[in-house]
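Enquirer: Just so you know, we're using the UniProt record's numbering here: the sequence shown kicks off at 1 and counts up by one.
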Amino acid sequence: MTDFAARLDLIAKQSDVFKQYGRGVERETLRYHQNGHLATTPHPDGLGSAYSNEWITTDFSESLLEFITPVSHDVSTLVYQLEDIHHFAQKNLGEEKMWPLSMPCYVGVEDDINLAYYGTSNSGKMKTLYREGLKHRYGSLMQIISGVHFNFSFPETFWDALYGEQQQSEREASKSDAYFGLIRNYYRFGWLIPYFFGASPALCSSFLKGRETKLPFENINQTLYLPHATSLRLSDLGYTNSAQSVLKIGFNSLEQYLEGLNKAIRTPSEEFANIGIKVEGEYRQLNSNVLQIENELYAPIRPKRVAKSDEKPSEALGRAGVEYIEVRSLDVNPFSSVGITEEQVRFLDLFLTWATLSDSDPMDDCELKCWRDNWNKVILEGRKTGLELQIGCRGEQLTLQAWAKRVFDDLILIARSMDEAHGGRAYQDVCDKLIQWIDQPELTISGQLLAMTKQYGGLGQLGCELGMTYRQQYQQHQYKVYSQQQMESEVIRSREAQAAVESSDTEEFDTYLENYFSYLK
């Protein structure tokens with residue numbers, strides 16, 4: 001029996017383990033008008049305070065909504081929560097709709113992208129200023145690309161089965177080590193996610209306005225596409241920031257990761273210094289370091305822990321280790337009204353379990369470069385039959401199809417155990433379906449989307465058609481988890497919470513920032 005099989009056997013003996021996985025989703029979507037143009041209106045008043053609403057906020061801009069579910073332990077409940085939140089949001093959008101694609105709708109000029117506003121408190125102003133920095137550093141267009149973030153954790157019974165009884169400090173260390181093993185395997189094999197679920201093989205030509213690219217785009221009515229691309233959102237055109245490629249943040253241990261992260265937020269950037277921090281009395285960015293704050297690190301996956309009040313993410317991790325991971329490489333699924341499907345969630349359950357139970361050797365800089373190259377190949381030409389990926393730094397090559405099938409040999413074993421625990425065949429059905437996609441790339445989401453883009457004569461036309469369909473679904477939806485009263489109560493509570501923070505502020509903003517960043521000195 002392999003080490004993987006032995007570990008799976010330990011977990012499978014505790015049948016309730018598979019029913020206790022913790023999952024949450026953050027889904028981003030742009031508000032837009034009937035003609036596919038970006039909405040420039042403020043965050044709708046009926047949605048409450050973007051600063052403090054638990055379920056509905058904004059990301060980079062006023063027009064970029066973000067919907068957040070709490071942690072739940074049932075896949076259907078997770079999707080129902082998203083459906084309820086979308087329903088309530090649409091009821092407060094008037095004639096505006098939610099863009100169903102990752103790449104933005106039509107944007108006339110970048111000045112149409114209004115930075116998200118979080119009120120007059122110091123912490124609210126800092127959130128907006130952070131976005132001002134992103135605008136100056138990378139441009140606003142890159143920041144309004146939409147994605148889906150998947151938050152995932154194993155239950156304590158999972159760790160009990162693997163490690164037996166442990167002292168709290170031992171358990172924290174064991175969990176952190178295991179989660180970093182997961183992260184390393186995610187970097188090695190996570191290109192499966194853009195291969196299957198990438199949904200941005202094309203973009204509106206307005207996105208490239210004034211920007212040079214060497215990519216060999218083809219054109220359909222102002223829609224630019226690459227014939228075999230899966231996820232341009234994850235390419236250098238999207239949120240993967242080339243300015244951060246110099247960062248050598250390792251994933252071999254919590255200590256190595258925190259050391260790299262803390263170095264990055266303290267490293268001055270000559271390029272960003274040229275922007276200026278405060279020019280003629282107006283702030284342009286929080287500081288001129290490579291990262292203004294930790295959240296600026298663009299990564300396909302992050303180790304996370306819920307932070308205490310006024311605690312920074314790295315401080316939370318340093319205090320008690322990794323609590324959960326955030327998968328950040330999911331495009332918005334255009335064939336789901338809420339941007340993600342139960343099938344995708346079940347695949348992530350399988351893949352993240354496999355990545356944890358499989359051996360995961362330490363990763364050096366050479367291997368880090370190899371995985372970046374592999375991801376980039378899959379992102380730009382993943383549906384090209386026979387595409388070869390590199391195995392480590394030994395120069396060996398293996399086709400995407402052959403490598404994917406090796407992984408699925410193990411995923412099927414996990415799927416059987418999960419189905420035995422839950423009843424039915426839901427996890428095995430996901431494997432059966434995706435195995436077909438390995439040899440038939442036109443069945444992948446990017447393959448289907450590109451075919452429909454051509455059929456509709458462009459991405460804008462297709463996006464508007466899907467957006468209209470989903471708007472009708474949102475309006476007709478009946479609450480399944482929440483209620484209208486709960487949603488409206490949260491709107492009122494969020495406004496009161498923002499007002500309370502604003503009324504309690506006594507410091508000048510300059511002093512607040514100086515105190516906040518005192519740890520960098």
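Ideal placement from N, C-alpha and C gives every residue a C-beta, glycine not left out.
Fair warning: this is a prediction, and the values are worked out from it, not measured in the lab.
1. Should Ile492 be labelled buried (16 or more other beta-carbon atoms within 10 Å of its own) or exposed?
2. I need the boundaries of the beta strand (DSSP E) containing Tyr118, first residue and last residue.
3. Indicate whether Thr356 and Phe207 have their beta-carbon atoms separated by less than 9 Å.
4. Could you give the distance in angstroms between the alpha-carbon of Arg416 and the alpha-carbon of Ala6?
5. Checking the sheet assignment: what are the DSSP bridge partners for His37?
6. Quick test of your reading: Val322 and Leu247, contact by CB under 8 Å. State the CB separation rounded to the nearest angstrom.
7. Among Ser140, Arg495, Glu96 and Phe408, which residue has its Cα nearest to the Cα of Ser121?
8. Quick check on DSSP: helix, strand or coil for Gly238?
9. Which whole-angstrom value describes the C-beta separation of Leu101 and Val332, a residue pair presumed to lie in contact below a C-beta threshold of 8 Å?
10. With a threshold of 16 other CB atoms inside 10 Å of the CB of Pro42, please say whether the residue is buried or exposed.
11. According to DSSP, what are the bridge partners of Phe351?
12. Who are Pro268's beta bridge partners in DSSP?
13. Use the C-beta contact count for Arg211: other C-beta atoms within 10 angstroms, 16 or more gives buried, fewer gives exposed.
14. Please confirm whether Phe335 and Leu411 have their CB atoms less than 9 Å apart.
15. In chain order, what residues of the same chain have a beta carbon less than 6 Å from the beta carbon of Thr399, not counting five sequence neighbours either side?
16. Answer yes or no: do Asn185 and Ser360 have a C-beta to C-beta separation smaller than 9 Å?
17. State the start and end residues of the unbroken beta strand (DSSP E) segment that holds Gly22.
18. Could you give the distance in angstroms between the alpha-carbon of Glu172 and the alpha-carbon of Arg305?
19. Could you spell out where the alpha helix (DSSP H) holding Val79 opens and where it closes?
20. So, with DSSP's three-state summary, where would you put Thr511?
21. Kindly indicate which three-state DSSP category Lys157 falls into: helix, strand or coil?
22. Could you check where the beta strand (DSSP E) with Val327 kicks off and where it finishes?
23. Flag Ser288 as yes when its Cβ comes closer than 8 Å to any non-hydrogen atom of the ligand PLP, and as no otherwise.
24. Once you ignore the five residues that flank Leu192 on each side, which residues in its own chain have a CB closer than 8 Å to its CB?
25. Let me check one thing: in DSSP terms, what residues is Lys209 bridge-paired to?
26. Out of Val17, Tyr32, Ile11 and Asp16, which has the shortest C-alpha to C-alpha gap to Gly460?
27. In three-state terms, what does DSSP make of Gln390?
28. Using a Cβ-Cβ cut-off of 7 Å (strictly less than) and excluding sequence neighbours within five positions of Tyr51, which residues of its own chain qualify?
29. Looking only at DSSP bridge pairs, what is Gly147 linked to?
30. Does DSSP put Lys97 in a helix, a strand or coil?
31. So is Gly108 buried or exposed if we call it buried at 16+ other beta carbons inside 10 Å?
Expert: Let me spell this out:
1. exposed
2. Where Tyr118 is concerned, there is no enclosing beta strand (DSSP E), given that its DSSP letter is neither H nor E.
3. no
4. 15 Å
5. Tyr106
6. With 8 Å as the limit, Val322 and Leu247 do not qualify as a contact, their Cβ atoms being about 20 Å apart.
7. Arg495
8. coil
9. 6 Å
10. exposed
11. Paired residue(s): none; Phe351 is not in a bridge.
12. Asn289
13. exposed
14. no
15. Gly386 and Glu388
16. yes
17. Gly22 to Tyr32
18. 11 Å
19. Val75 to Lys91
20. helix
21. It should be pointed out that residue 157 corresponds to Thr in this sequence rather than to Lys. Thr157: helix per DSSP, three-state reduction.
22. Tyr324 to Asp331
23. The model on display carries no ligand, and the ligand PLP is accordingly not part of it.
24. Phe351, Ala404 and Val407
25. According to DSSP, Lys209 bridges with nothing at all.
26. Tyr32
27. strand
28. Tyr118, Gly119, Gly124 and Gln498
29. Asp331
30. strand
31. exposed
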